[in-house]
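Notes to accompany the following structure.
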Amino acid sequence: MQGFMKVVLIVVAVMIGGAVLAVMKESRGGGGYGPLGVVIALALFAGIRAIWNYDSKKPEEKNTTDIDKLDKN
């Protein structure tokens, strides 16, 4: 995955995570995020790390079939 696409995906993830946290804060009356907010924030950080560490140029496993395995004679 190209670096630009990674940055775009991270920005989108932060916007979605921020919106979810804002909705949670408003539903609690503005008192804070609570334990569920901490879990969502940690999941957001884990998602950002997974997006950044993803390497789409890894060699793909060969998906060829061996003729000897298919031969039933």
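Per the numbering used here, the sequence shown starts with residue 4, numbered consecutively. Ideal placement from N, C-alpha and C gives every residue a C-beta, glycine not left out.
With the cut-off set at 9 Å, would you say residue i and residue j are in Cβ contact?
i: Met18; j: Ile43; result: no
i: Leu145; j: Ala16; result: Absent from the structure is residue 145, since the part of the chain shown begins at 4 and ends at 76.
Along the chain, where does the alpha helix (DSSP H) containing residue i start, and where does it finish?
i: Gly33; result: Where Gly33 is concerned, there is no enclosing alpha helix (DSSP H), given that its DSSP letter is neither H nor E.
At a cut-off of 8 Å, would you count residue i as near the ligand COA, judging by its Cβ distance to the nearest heavy atom?
i: Val10; result: As presented, the structure is devoid of all ligands, the ligand COA included, so that no description of it is given.
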